[in-house]
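When we follow the numbering used here, the leftmost residue of the sequence shown carries the number 8, and every step to the right adds one. Only one structure is covered here, and it is reproduced in the block below.
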Amino acid sequence: MRLSRYFMPTLREAPSDAQIVSHQLMLRAGMIRQEAAGIYAWLPLGLKVLRKIEQIVREEMNRAGAVEVLMPTLQLADLWRESGRYDDYGEEMLRIKDRHERDLLYGPTAEEVITDIFRSYVKSYRDLPKNLYNIQWKFRDERRPRFGVMRGREFLMKDAYSFDVDEAAARRSYNRMFLAYLNVYARLGLQAIPVRADTGPIGGDLSHEFIILAETGESEVFAHRDLVEMGAPGPDIDWDGDLQPLVEQRTRLYAASDEMHDQARFEAEAPEDKRMSARGIEVGHIFYFGEKYSRPMKAVITGPDGVERPAQMGSYGVGVSRLVAAIIEASHDGAGIIWPDSVAPFGAAVVNLRVGDGAVDAVAEQAYRALLAAGKDPLLDDRDDRPGAKFASLDLVGVPWQLIVGPKGVADGVVEVKRRATGERQSLPLDAALKVVCE
Ligand code: 5CA
Numbered sequence: 008m009r010l011s012r013y014f015m016p017t018l019r020e021a022p023s024d025a026q027i028v029s030h031q032l033m034l035r036a037g038m039i040r041q042e043a044a045g046i047y048a049w050l051p052l053g054l055k056v057l058r059k060i061e062q063i064v065r066e067e068m069n070r071a072g073a074v075e076v077l078m079p080t081l082q083l084a085d086l087w088r089e090s091g092r093y094d095d096y097g098e099e100m101l102r103i104k105d106r107h108e109r110d111l112l113y114g115p116t117a118e119e120v121i122t123d124i125f126r127s128y129v130k131s132y133r134d135l136p137k138n139l140y141n142i143q144w145k146f147r148d149e150r151r152p153r154f155g156v157m158r159g160r161e162f163l164m165k166d167a168y169s170f171d172v173d174e175a176a177a178r179r180s181y182n183r184m185f186l187a188y189l190n191v192y193a194r195l196g197l198q199a200i201p202v203r204a205d206t207g208p209i210g211g212d213l214s215h216e217f218i219i220l221a222e223t224g225e226s227e228v229f230a231h232r233d234l235v236e237m238g239a240p241g242p243d244i245d246w247d248g249d250l251q252p253l254v255e256q257r258t259r260l261y262a263a264s265d266e267m268h269d270q271a272r273f274e275a276e277a278p279e280d281k282r283m284s285a286r287g288i289e290v291g292h293i294f295y296f297g298e299k300y301s302r303p304m305k306a307v308i309t310g311p312d313g314v315e316r317p318a319q320m321g322s323y324g325v326g327v328s329r330l331v332a333a334i335i336e337a338s339h340d341g342a343g344i345i346w347p348d349s350v351a352p353f354g355a356a357v358v359n360l361r362v363g364d365g366a367v368d369a370v371a372e373q374a375y376r377a378l379l380a381a382g383k384d385p386l387l388d389d390r391d392d393r394p395g396a397k398f399a400s401l402d403l404v405g406v407p408w409q410l411i412v413g414p415k416g417v418a419d420g421v422v423e424v425k426r427r428a429t430g431e432r433q434s435l436p437l438d439a440a441l442k443v444v445c446e
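Rendered as structure tokens:
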């Protein structure tokens, strides 16, 4: 992408109502624009990051055996009347009437819709397990939308729903999601702690939240330090095998969010030097709730004994749009965002320090084309601007590598390579510089 043709409206200063650093940086980097309270337009740079996160979530869901669908944003109120949640959900639900006076709502979650889909097709235990997910916009009329996309009213969620014949099988589905979530966050460069959680309006009796540590987080977490330091299981585990030991390894150590915290248990289960409490951001939440929806909505299947029973269900949410902000909270410095390579909006930027100088233009163009060919999705800074302004905006938007092409270097046969995360710079001939970036 040539920056002169791109749309990246960076701002020198963040609007004063942006209170946390991720919100300030997303506005300054021209990633989002507020259209109404808690409702944002995604500008090109923000959209690129959002799509990359979405794709990582998708790949890890698929790996763990879930199957993608796309459900509508608008749902029939009648489905929610069947589950009994229509009245319970309260003011957070955006209720709409169509021209036929039919009650609709903008989905805050999709247990009812997926249960309706499931019950129309699946009748036998032989067709189980099933796990269906979608990545779709949700709307919750939050009382206090704040911190930008961190707590929006409209937000992008990955929501998966598992269906099983009995509790033991449902537990296996839960375990798959539990471990897949850890792999998702690891690929995003985040360290997520699974904590026992309250089930809230989704309901059920087994639930974990996934929290990443950040000072601005809205949740308080209490955890055994060994859990915080434990890595993700990695993609190569046997997804059809017994995952219980891997899950137990991570659930037997104490970890709870504020609503579920029990100080006496914490002290009994974790020695003092292993006790950690910190603020964090909830980036995912998984639930096992058995028959809560399948029973009232009559999503029944016949078991091996020929007897009909409601399917055992769980649901699994990832806050995809919230993750954009969460990654920034976890990875920035005074100059701006430091994207992990996996979600960076561009792989590298070629900075032309003297646009219009034939020799400099030629080397910049050559570098740009080489990075394009290498699949690095480069950004060419071909704006006629001061070097200082160029560096400031590229540091702000957090492109992981800068390849700096200026008249002096070109005369000496070198370009400068700068790593955004460390600020480290090296002068190298173009070929060697390209190698560094492409490694
Ligand atoms: N049906 C279940 C799971 S599919 C569900 O709705 N769970 S949830 O309410 O916990 O939401 C899932 C995730 O969406 C949360 O962990 C959080 O990361 C994200 N999320 C929830 N509310 C918001 C919001 N207002 N703005 C941004 N992200 C949100």
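For every residue, glycine included, the Cβ atom is placed at its ideal position computed from N, Cα and C.
Any heavy atom of the ligand 5CA closer than 7 angstroms to the beta-carbon of residue i?
i      : result
Glu289 : yes
His292 : yes
Tyr323 : yes
Arg65  : no
Met15  : no
Met184 : no
Arg158 : yes
Glu149 : yes
Glu118 : yes
Asp166 : yes
Gly224 : no
Ser328 : yes
Phe162 : yes
Considering only their Cβ atoms, is the gap separating residue j from residue i smaller than 8 angstroms?
i      : j      : result
Gly363 : Asp391 : yes
Val331 : Gly53  : yes
Leu57  : Ser328 : yes
Gln82  : Glu108 : no
Lys130 : Met68  : no
Glu225 : Val28  : no
Asp384 : Lys397 : no
Ala167 : Tyr323 : yes
Glu98  : Asp148 : yes
Leu135 : Asp85  : no
Met320 : Gly341 : no
Pro80  : Gly45  : For the record, residue 80 in the displayed sequence is Thr; it is not Pro. Not in contact: Thr80 and Gly45 (Cβ atoms no closer than 8 angstroms).
Asp123 : Met304 : yes
Tyr287 : Ile218 : Per the sequence shown, residue 287 should be read as Gly rather than Tyr. The answer is yes: Cβ separation under 8 angstroms.
Val202 : Val64  : no
Val370 : Val424 : no
Met267 : Asp205 : yes
Ile345 : Arg427 : yes
Pro22  : Leu50  : no
Ala355 : Leu378 : yes
Gly420 : Pro436 : yes
Val367 : Arg361 : yes
Leu441 : Ala351 : no
Met237 : Arg257 : yes
Ile334 : Gly196 : yes
Leu253 : Arg179 : no
Pro311 : Tyr132 : yes
Name the one or two DSSP bridge partners that residue i has.
i      : result
His268 : His268 is not bridged to any residue.
Ala262 : Ala230
Trp49  : Ile39
Ser214 : Phe294
Leu112 : Gln82 and Arg102
Asp388 : Val358
Ile219 : Ala199 and Ile288
Arg9   : Leu387
Val74  : Leu139
Scan the region 279-365 and note each continuous beta strand (DSSP E) run of 3 residues or more that stays entirely inside, going in chain order. Here the runs fully enclosed are 282-297, 307-309, 315-317, 319-326 and 356-359.
Every unbroken beta strand (DSSP E) inside the region 398-439 [3 residues or more]: Entirely contained in the region 398-439, the beta strand (DSSP E) runs reaching 3 residues are, in chain order, 408-412, 422-426 and 432-435.
Hey, which unbroken runs of the alpha helix (DSSP H) at 4 residues or more fall wholly within the region 15-45? Unbroken alpha helix (DSSP H) runs of no fewer than 4 residues, entirely contained in the region 15-45, are found at 28-35, following chain order.
Where in the region 129-201 do unbroken runs of the beta strand (DSSP E), each at least 3 residues long, occur, reported from the N-terminal end onward? Within the region 129-201, the complete beta strand (DSSP E) runs of at least 3 residues are 137-146 and 161-171.
Okay, do the region 81-99 and the region 271-283 touch, 3+ Cβ pairs below 8 angstroms being the bar? Contact fails: fewer than three Cβ-Cβ distances are below 8 angstroms.
Cβ contact check for the region 256-267 and the region 225-235: 3 or more pairs under 8 angstroms: Yes, they touch.
Do the region 241-261 and the region 183-194 make contact, defined as three or more Cβ pairs closer than 8 angstroms? Yes, the region 241-261 touches the region 183-194.
For the pair the region 28-39 and the region 399-414, tell me if three or more CB-CB distances fall below 8 angstroms. Contact holds: three or more Cβ-Cβ distances are below 8 angstroms.
Report yes or no: do the region 73-82 and the region 134-151 share at least 3 C-beta pairs separated by less than 8 angstroms? In short, these stretches touch, since the Cβ pair count reaches three.
Please give me, in chain order, every unbroken run of the beta strand (DSSP E) with length at least 3 that falls completely inside the region 76-101. Within the region 76-101, the runs of beta strand (DSSP E) that reach at least 3 residues and sit entirely inside it are, in chain order, 81-83.
Answer yes if the region 151-161 comes into contact with the region 289-304, meaning at least three C-beta pairs across the two stretches below 8 angstroms, and no otherwise. Note that the region 289-304 does not touch the region 151-161; fewer than 3 beta-carbon pairs, one per stretch, sit closer than 8 angstroms.
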